[in-house]
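Numbering (the working numbering), first residue to last: 1 to 106.
By construction, the Cβ of each residue, glycine as well, lies at the ideal position given by its N, Cα and C atoms.
What follows is a single structure, written as structure tokens, with notes after it.
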């Protein structure tokens, strides 16, 4: 690796999209699947699903396993979205503190 870094100004960043938004917009609304049907089919509490699609609750491994099986997707799909969301959130919220960290020489 060259060690070069690409810096993106805050005003140039795309919105950080919560996995619940993707679940709601791309899988539920787009497929016309009611949330109650997903709850019944997955065993995930309806209240939990409502919080996830409202972006107020994170995806955990159990929810990911149930959703991906129900939606016939590769395991870890929503969990990877959650990790990406979390990393981006930290980069945005702690940018100053992260910038002050001096990488250790190899």
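Keeping to the same chain, check which residues put their C-beta closer than 7 Å to that of residue i; ignore five residues upstream and five downstream.
i	result
residue 42	66, 67 and 70
residue 24	53
Could you tell me if residue i is buried or exposed, where buried requires 16 or more neighbouring beta carbons within 10 angstroms of its beta carbon?
i	result
residue 20	buried
residue 102	exposed
residue 91	exposed
residue 59	buried
Measure from the alpha carbon of residue i to the alpha carbon of each residue in the options, then state which is nearest.
i	options	result
residue 17	86, 64 and 38	86
residue 77	34, 14 and 22	22
residue 80	36, 63 and 37	63
residue 55	13, 82 and 105	82
Identify, in the order they occur along the chain, each residue of the same chain with its Cβ nearer than 6 Å to the Cβ of residue i, setting aside the five sequence neighbours on each side.
i	result
residue 39	46 and 49
Which residues in the same chain as residue i place their Cβ atom closer than 8 Å to its Cβ, once the five residues preceding and following it in sequence are excluded?
i	result
residue 57	20, 48 and 51
So the alpha helix (DSSP H) residue i belongs to, where does it begin and stop?
i	result
residue 38	35-42
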